[in-house]
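Participant: Heads up: the protein sequence lines correspond to chains A and B, in order.
Quick note: the first sequence, position 251, residue 251 per this note's numbering, numbers continuous.
Residues are numbered in this note's numbering as their position in the second sequence, beginning at 1, plus a constant of 1000.
Let me give you the structure first, and then I'll get to my questions.
Protein chains: 2
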Amino acid sequence: MERTLCAELSSAGASSPCTVFGWVAAVRRLGAVTFVVLRDRSGTCQVVLESGTPPPTEAVVRIAGVTAAEPRAPGGVELRGTSVEVVAAPAVPLPFALHRPEIPAALETILEHRGASLRHPGERAAFAVQAALTRGFRRHLDGLGFTETHTPKLVGGATEGGAEVFAVDYFGHPAFLAQSPQLYKQVLVGAGFERVYEVGSVYRAEPHATARHLSEYVSLDAETELFAGGGAGALIALEQGLLSAMFDEVRAACGAGLERLGVPPLPDPSRAAVVTLAEALRVTGRPTLDPEGERLLCARLGEMVFVTAWPAAERPFYALEAESAPGLTESFDLILRGLEVTTGGRREHRYERLTAAMQRRGVPAAGFEDYLGAFAHGMPPHGGFAIGLERLTARLLGLPNVRRASLFPRDRHRLRP
Amino acid sequence: MERTLCAELSSAGASSPCTVFGWVAAVRRLGAVTFVVLRDRSGTCQVVLESGTPPPTEAVVRIAGVTAAEPRAPGGVELRGTSVEVVAAPAVPLPFALHRPEIPAALETILEHRGASLRHPGERAAFAVQAALTRGFRRHLDGLGFTETHTPKLVGGATEGGAEVFAVDYFGHPAFLAQSPQLYKQVLVGAGFERVYEVGSVYRAEPHATARHLSEYVSLDAETELFAGGGAGALIALEQGLLSAMFDEVRAACGAGLERLGVPPLPDPSRAAVVTLAEALRVTGRPTLDPEGERLLCARLGEMVFVTAWPAAERPFYALEAESAPGLTESFDLILRGLEVTTGGRREHRYERLTAAMQRRGVPAAGFEDYLGAFAHGMPPHGGFAIGLERLTARLLGLPNVRRASLFPRDRHRLRP
Chain A
1 MERTLCAELS
11 SAGASSPCTV
21 FGWVAAVRRL
31 GAVTFVVLRD
41 RSGTCQVVLE
51 SGTPPPTEAV
61 VRIAGVTAAE
71 PRAPGGVELR
81 GTSVEVVAAP
91 AVPLPFALHR
101 PEIPAALETI
111 LEHRGASLRH
121 PGERAAFAVQ
131 AALTRGFRRH
141 LDGLGFTETH
151 TPKLVGGATE
161 GGAEVFAVDY
171 FGHPAFLAQS
181 PQLYKQVLVG
191 AGFERVYEVG
201 SVYRAEPHAT
211 ARHLSEYVSL
221 DAETELFAGG
231 GAGALIALEQ
241 GLLSAMFDEV
251 RAACGAGLER
261 LGVPPLPDPS
271 RAAVVTLAEA
281 LRVTGRPTLD
291 PEGERLLCAR
301 LGEMVFVTAW
311 PAAERPFYAL
321 EAESAPGLTE
331 SFDLILRGLE
341 VTTGGRREHR
351 YERLTAAMQR
361 RGVPAAGFED
371 YLGAFAHGMP
381 PHGGFAIGLE
391 RLTARLLGLP
401 NVRRASLFPR
411 DRHRLRP
Chain B
1001 MERTLCAELS
1011 SAGASSPCTV
1021 FGWVAAVRRL
1031 GAVTFVVLRD
1041 RSGTCQVVLE
1051 SGTPPPTEAV
1061 VRIAGVTAAE
1071 PRAPGGVELR
1081 GTSVEVVAAP
1091 AVPLPFALHR
1101 PEIPAALETI
1111 LEHRGASLRH
1121 PGERAAFAVQ
1131 AALTRGFRRH
1141 LDGLGFTETH
1151 TPKLVGGATE
1161 GGAEVFAVDY
1171 FGHPAFLAQS
1181 PQLYKQVLVG
1191 AGFERVYEVG
1201 SVYRAEPHAT
1211 ARHLSEYVSL
1221 DAETELFAGG
1231 GAGALIALEQ
1241 GLLSAMFDEV
1251 RAACGAGLER
1261 LGVPPLPDPS
1271 RAAVVTLAEA
1281 LRVTGRPTLD
1291 PEGERLLCAR
1301 LGEMVFVTAW
1311 PAAERPFYAL
1321 EAESAPGLTE
1331 SFDLILRGLE
1341 VTTGGRREHR
1351 YERLTAAMQR
1361 RGVPAAGFED
1371 YLGAFAHGMP
1381 PHGGFAIGLE
1391 RLTARLLGLP
1401 NVRRASLFPR
1411 DRHRLRP
C-alpha cells in the first residue's frame, strides 16, 4: 500500500490510483457530493466523495481513490475517493477550530492544548523554520572546521553567576542546571578542538514572565580560536556569514510556506549596522539599552544592529578588555528587529589577567577550578557567541511572544504540557 | 597573517612562506637543531628550528617559516621555522604526558583532567566520530521527511516511571529532569509532524556506577507515523538504513584517523541478525538478556543483533502488543558488540486500548493528561526508537567504558569537571 503525500498528488497526473493518509481538515457537502480537505505533513489536498458517510473533522484517515484534473483544487489535481477508512476518530472535540488562517484562541489556550494547536499548519511552520535554522547553523560551521559538541547541563559549581539558576538534587548533593555552555566551550577550544559549536538546552530561573523570556530554551553556541587575531569585528563577521547561511537554508526549505503565511522577507545580515554602545545610547536617547531602547535602535538604524564596546562592568569577568580602550570590552550584542538575539565577544585568554579580573570583581575561584585549570595549561586567543533559537525564530516570523516559537514552552508559571 | 593548518602544509609545496599555530606536542634537540612537533586541530607537522630558545612542551605557539621537502616528515614537507612566538606558556605542567599513543594514566585521572586529556588526538577522535554520527543521523532523517524538534527536559509530571529521576526545584514547585523525550515525540507525530527526531540530553538517576551507565547522556530519538502499516520489522529496517548512513558519514569524515588509531572496521547494519527474545535466550542459555547475555548473544550471532518480541510485562505501557502473539510486543532492542544501544518499537495508538493498558498495569493517569489528550484527539499508528550516542560511539571505537565517549561524563560519583 504505497502512500502518496498531498503535495505529491499533482505530480501523479490524472487517472492514477493513489492512497493518501492524514487528518480531515474540513468537510463540505454540496448536494450528494462531499468535499474533504485532507492535511498531512506536506500540505493539503482535495478529496471528493460521492457516497458513504463522510469522516469526522480532525479524524485520522486513509483514503484510496483515483486522481482527476480539477483546476479549482490545490495543485490542479483532486482525488476521487473510492474508499475511506477512519484510522482514529477524535474521542473528544478539539478545543478550537483549525481551518482558519489563525487559531481563534488566546495564546494561553494555544499553549495549554499544544498537541491540538500544532495541528494547525501555521503553528507548525515556526518549527520547520527552526529546523532549517539549526541545519544551516551546523552546515556552515561544519564547513569552517568546527566540531559539534555536547556539554553537561548538570553542573556542580557556579556557572555564570547570578541567582537565576535551578537547583537539582544530585544523589543528595546540590547541583544546578547550566545557564549556558560558556565555560565548557572555552575549555574545549583550549583542549585542541579550536572551533566548537553546540545546539542545546540552557536554563534560566527568570523570576518574571515576559514575552521575551523562557526558563528553558535552545542556545546555538559557537566558540573559536582567534589565532590570527581579531576581536569583536572578526566575530561579528563570522556571525554575519553564519546567519546568511542559516537564512539561505530557511528560504530553500520553507520559502513557499513563509510566503503563504505572509511572512516578510528575511533580513540581509551583510547589511547589518554596527555601532558602539555609546552611539546606540545617543541614537536612542536612552540611559541604557533596555527593551524599549532595543526597539528604538532598530527603528532608527535598521532590522539588524550589532552593538559593540560594552563597558567591562556590564559584561562577565571573562570578557576581554580592548587594548585601545581600557574599560571597554571586545564584546557585542545583536539586536534583531528590536530584540537582543545574540551575545558574544572575545574572551580573556591570559591566565594571570583572567584571575586578576576575577579578584577585582570579587568572583571567587571556588567552582571555577576546572575552568581556570585550562587557562593555567595555556589557552589560545578565542571568542564566540550564543544565539537564542526561539528568539531568532520569533523575530524572523513576526511572532510577538517567544513562547510561540517553543514547542512546549517553560516559564515562571508553565511546566506543562 | 594567513594561517596554514598542519594538514595543509604538504599541499603548500616547497619554499612557501607559511605560519602555523597550535600546541607544542614534542621538542627534540639534535645538535644545534631543534625539531618541534606542532599539533593543531587538523593533525601534526614537523618544524625545524636552527636558532633561538625552543618553546616549552604543550605551549600554545605561532611559528612562521618556509616549507621544505623532507621525506621523513609527515606529508613529506616540514617547516623551517624563522620566528617562534609563545602565545601562552603552561603555568603548571600537565598531569600526564601526551606524546604516546595512549595517555599513561587511569580513567579517573583522564576524566578528572579533561581539559588536558582532550589535548590527546586519540582522546579527541571519539568526539569527531560522535559529531559525524549525529550529522549522518540528521542528514538521513531529513531526507526522509523528518523534522528536528526540541522538547523540554524540565517536566512536571511522571515520565516513564521508575524512581530514577532527578528532582528540580522549579520556582518552589517540584519538577523532574526528563528520562527521555518519549511522550513528547509521540504527541508531535500525532500533532501532524508525522516524523520527528531529536538529539538531546536525557537524565537517569542511576544508583549504581557501571561501565555502561551515565546520569546524563545524549539520546538520538526518532519517531514516525506507520500509516502504511508495519511493526518492529519496519522500524528495524528504518534503523538499519539510518545506521548505514551514519557509519558512511563516519568513514567519510574520520576514516583515515580511525585507521591510524587501529579501530576495526565498522559493522554492516544490513547484515544484522534479527531474533526473538525467546530465541536469544535459547542461544545464550540464560534466563534473561542481562549484560552477560548481551555479550554471549553477539559472540554467537554476530556484531549486531536485533532482539524482538519482548513480553509486554518487560516493556512500558505504551508498547503495542502484536496481533499475532498477544502478550508479546512489537518492540526491539539492538545489541551492538555485546551492549544494548537502542530500544524501540511500535506504540499503541488507540486511545481505549492505551488507557486500558495503563489501568491493567496500575499506571495512574495523573501526570499523563497531556499525553492522553493527544490520543483522545486521534493518533496515527506510529513507532520509533532511541539510540544512546555515547554507547554507540564507545562500541564502535572499542572503548571499554562509556565515560570515555562523553566529553564531561556525569555519574553517581562525578559532577565535575
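Quick reminder that beta carbons are idealized off the backbone N, C-alpha and C, glycines included.
By Cβ distance, which residues of its chain are closer than 8 Å to GLY1076(B), with the 5 residues on each side in sequence left out?
Facilitator: The answer, listed in chain order, is SER1010, ALA1069, GLU1070.
Participant: Would you list, in chain order, the members of the stretch 1043-1075 of chain B that have their beta-carbon closer than 8 Å to a beta-carbon of chain A?
Facilitator: Answer in chain order: GLU1058, ALA1059, VAL1060, ARG1062.
Participant: Distance, Cα to Cα, GLY1327(B) vs ARG1361(B)?
Facilitator: For GLY1327(B) and ARG1361(B), the distance between alpha carbons rounds to 13 Å.
Participant: Hey, TRP1023(B) and GLY192(A) are a contact pair by Cβ (cut 8 Å); roughly how many whole angstroms apart?
Facilitator: Right, their Cβ atoms sit about 6 Å apart.
Participant: Can you check whether the C-beta of ARG315(A) is within less than 8 Å of a C-beta belonging to chain B?
Facilitator: No, because no Cβ of chain B sits closer than 8 Å to the Cβ of ARG315(A).
Participant: Alpha carbon to alpha carbon, how far is ALA228(A) from SER270(A)? Give it in angstroms, no decimals.
Facilitator: So the alpha carbons of these two residues sit roughly 22 Å apart.
Participant: Using alpha carbons as the reference points, say which of ARG212(A), PRO101(A), PRO152(A) lies closest to ALA175(A).
Facilitator: Residue PRO152(A) is the option with its Cα nearest to ALA175(A).
Participant: Taking the straight line between their C-alpha atoms, what separation do you get for PRO1265(B) and GLU1330(B)?
Facilitator: In a straight line, the C-alpha of PRO1265(B) is about 31 Å away from that of GLU1330(B).
Participant: Closest to LEU1154(B) by C-alpha separation, out of TYR371(A), ARG204(A), VAL274(A), would be which residue?
Facilitator: Of the listed residues, the one whose Cα sits closest to LEU1154(B) is ARG204(A).
Participant: List the endpoints of the continuous beta strand (DSSP E) containing VAL1060(B).
Facilitator: 1060-1069 is the extent of the beta strand (DSSP E) around VAL1060(B).
Participant: Whose C-beta lies closer than 8 Å to the C-beta of GLU1225(B) among residues of the same chain, with five residues either side of it excluded?
Facilitator: Same-chain partners within the cutoff: VAL1189, GLU1194, ARG1195, PRO1380, PRO1381, HIS1382.
Participant: Going by DSSP in three states, PHE193(A) sits in which element: helix, strand or coil?
Facilitator: The answer is helix: DSSP assigns PHE193(A) an H, G or I state.
Participant: Going by beta-carbon coordinates alone, are ALA25(A) and THR44(A) separated by less than 8 Å?
Facilitator: Yes, the pair counts as a contact, with Cβ atoms nearer than the cut-off.
Participant: Contact check, TYR371(A) vs LEU183(A) under 8 Å by CB: the rounded distance?
Facilitator: Confirmed, Cβ separation roughly 5 Å.
Participant: Identify the continuous beta strand (DSSP E) that holds ASP1169(B) and give its terminal residues.
Facilitator: Its beta strand (DSSP E) spans residues 1167-1170.
Participant: Comparing the C-beta of VAL218(A) with each C-beta of chain B, is any distance below 8 Å?
Facilitator: With 8 Å as the cut-off, VAL218(A) counts as an interface residue toward chain B.
Participant: Quick check on LEU38(A): buried or exposed, where buried means 16 or more other Cβ atoms within 10 Å of its Cβ?
Facilitator: Buried, by the Cβ-count rule.
Participant: Along chain A, which residues have their Cβ under 7 Å away from the Cβ of ALA1405(B)?
Facilitator: In chain order: nothing, as chain A lies at least about 10 Å away.
Participant: Within the chosen definition, does the stretch 288-295 of chain A reach the stretch 234-241 of chain A through at least 3 CB pairs nearer than 8 Å?
Facilitator: Contact fails: fewer than three Cβ-Cβ distances are below 8 Å.
Participant: So the candidates are GLU323(A), TYR318(A), VAL341(A); which of them puts its Cα closest to the Cα of VAL305(A)?
Facilitator: Measuring from the Cα of VAL305(A), the nearest candidate turns out to be VAL341(A).
Participant: Put ARG1134(B) into one of helix, strand or coil per three-state DSSP.
Facilitator: According to the sequence shown, residue 1134(B) is Thr rather than Arg. Helix.
Participant: Could you tell me the alpha carbon to alpha carbon distance between GLY1338(B) and ALA131(A), rounded to whole angstroms?
Facilitator: In a straight line, the C-alpha of GLY1338(B) is about 35 Å away from that of ALA131(A).
Participant: So MET1379(B) contacts chain A; which residues on that side make the cut at Cβ distance below 8 Å?
Facilitator: Chain A residues near MET1379(B): VAL60, ALA88.
Participant: Candidates THR1082(B), GLY1378(B), VAL1033(B), GLU1198(B): which alpha carbon is nearest VAL1218(B)'s?
Facilitator: Comparing Cα-Cα distances from VAL1218(B) to each of THR1082(B), GLY1378(B), VAL1033(B), GLU1198(B), the minimum goes to GLU1198(B).
Participant: Taking C-alpha atoms, which residue in LEU98(A), ARG353(A), GLY285(A), LEU261(A) lies nearest to GLU323(A)?
Facilitator: Among LEU98(A), ARG353(A), GLY285(A), LEU261(A), the Cα nearest to that of GLU323(A) belongs to ARG353(A).
Participant: Apart from the five residues on each side of it in sequence, which residues of its chain come closer than 8 Å, Cβ to Cβ, to THR82(A)?
Facilitator: Once the five neighbours on either side are set aside, the close Cβ partners of THR82(A) are ALA64, GLY65, VAL66.
Participant: In angstroms, rounded to a whole number, what distance separates the CA positions of ARG395(A) and ALA386(A)?
Facilitator: When rounded, the distance between both Cα atoms is 16 Å.
Participant: If you draw a straight line from the alpha carbon of GLY378(A) to that of PHE368(A), how long is it in whole angstroms?
Facilitator: Straight-line Cα distance between these residues: approximately 16 Å.
Participant: For ASN1401(B), tell me which candidate among HIS1213(B), GLU1050(B), VAL1036(B), ALA1116(B) has the shortest Cα-Cα distance.
Facilitator: Checked all of HIS1213(B), GLU1050(B), VAL1036(B), ALA1116(B); the closest Cα to ASN1401(B) is HIS1213(B).
Participant: Spell out the partners DSSP gives GLU294(A) in its beta bridges.
Facilitator: Its beta-bridge partners do not exist; DSSP assigns none.
Participant: Considering only residues of the stretch 1079-1118 of chain B, which uninterrupted alpha helix (DSSP H) runs meet the minimum length of 4 residues and lie entirely inside it, listed in chain order?
Facilitator: For the stretch 1079-1118 of chain B, whole alpha helix (DSSP H) runs of length 4 or above, ordered along the chain, are 1107-1112, 1114-1117.
Participant: Check whether the stretch 130-145 of chain A and the stretch 245-257 of chain A are in contact - that is, three or more C-beta pairs closer than 8 Å.
Facilitator: Counting Cβ pairs under 8 Å, three or more are found: they touch.
Participant: Establish whether the CB of GLU1148(B) and some CB of chain A are separated by less than 8 Å.
Facilitator: It does; some Cβ of chain A falls within 8 Å.
Participant: Looking at C-beta atoms only, is the number of pairs between the stretch 110-121 of chain A and the stretch 402-414 of chain A that lie closer than 8 Å three or more?
Facilitator: In short, these stretches touch, since the Cβ pair count reaches three.
Participant: Based on the DSSP output, what are the partners of ALA319(A) in its beta bridges?
Facilitator: Paired residue(s): ARG347(A).
Participant: From ALA272(A) to LEU281(A), what does the alpha carbon distance come to, in whole angstroms?
Facilitator: Cα to Cα, the separation comes out at about 17 Å.
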